[in-house]
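Take a look at the structure below.
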Amino acid sequence: MDQITVRSEHADDIKAIDVVHLSAFEGDDEVGLIEQLRQSSNYIPELSLVAEFNKRIVGHILLTRVRLQNERDGVDILALAPMAVVPSQSHRGIGTELVEHAINKAKELGYGAVVVAGHPDYYHRLGFKPASDWDLHCSLPISLDLFSAMELTDNTLGKGSNIIYPSIFTQVY
Ligand SMILES: CC(C)(COP(=O)(O)OP(=O)(O)OC[C@H]1O[C@@H](n2cnc3c(N)ncnc32)[C@H](O)[C@@H]1OP(=O)(O)O)[C@@H](O)C(=O)NCCC(=O)NCCS
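Using the numbering used here, the first residue of the sequence shown is number 36, and each one after it goes up by one.
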């Protein structure tokens, strides 16, 4: 896609990123969530990505650490949230570019899986599958129909595991 570049967030991008989320979502819950995640140990700077169009930030995606817990042990995987594209630039494939870049970066960093709570049709187009394929549960108060996952390394998700999100996510979900 012409003129769109995707890169990691810089310190001076924060206001522009807030504006992207304020324009795409109702209210400022996502802005507050991102602010708190940035200050948490779950934040991974390389996995906060912005999309630029003519050097202006028009999209943002964040992947942060969550815990996958089964009966025997646990492992850190990633949760995609939030993601937004400014309405004037939507339907141009920018969201898709952001997801693809984030997944590639997550693989480079050695993470084994990504989960997401949100529009299943959107994420299934991008290679996510219903979380029920792995009988996953999650700590968010959402319908499991909205929960999807992607393995970056085979057999990371196992069967019947629980995904534990940091409690700050409940301000949005
Ligand atoms: C969802 C969002 C990030 C998509 O960004 P985008 O750059 O428009 O996405 P793309 O251009 O890559 O893909 C667009 C396609 O995704 C699908 N799509 C977009 N929004 C969708 C939704 N809410 N539910 C299901 N599918 C959706 C459509 O098939 C669309 O295809 P079309 O352009 O032919 O109509 C953007 O619409 C947005 O910021 N929405 C508001 C915030 C939000 O809901 N974020 C996701 C939280 S889970």
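We put the CB at the ideal spot given by N, CA and C, even for glycine.
{"Asked": "Rounding to the nearest angstrom, what Cα-Cα distance links SER98 and LYS90 in this structure?", "Found": "It is Leu, not Ser, that sits at residue 98 in the sequence shown. If you take the alpha carbons of LEU98 and LYS90, they lie about 23 Å apart."}
{"Asked": "Mapping DSSP to helix, strand and coil, what is ASP111?", "Found": "strand"}
{"Asked": "Could you tell me how far apart the beta carbons of ALA86 and ILE129 are, in whole angstroms, since I believe they sit closer than 8 Å?", "Found": "5 Å"}
{"Asked": "Note down the Cα distance separating PRO155 from LEU181, rounded to an integer number of angstroms.", "Found": "6 Å"}
{"Asked": "Considering only the alpha carbon of each residue, which of LEU171, PRO176, SER178, ALA137 lies closest to LEU161?", "Found": "ALA137"}
{"Asked": "Please say whether LEU175 and VAL149 have beta carbons closer to each other than 8 Å?", "Found": "no"}
{"Asked": "According to DSSP, is ILE177 part of a helix, a strand, or is it coil?", "Found": "coil"}
{"Asked": "Measuring CB to CB, does LEU171 end up less than 8 Å from SER196?", "Found": "yes"}
{"Asked": "Check whether the Cβ of GLY162 lies closer than 7 Å to any heavy atom of ligand 1, and answer yes or no.", "Found": "no"}
{"Asked": "According to DSSP, is THR40 helix, strand or coil?", "Found": "strand"}
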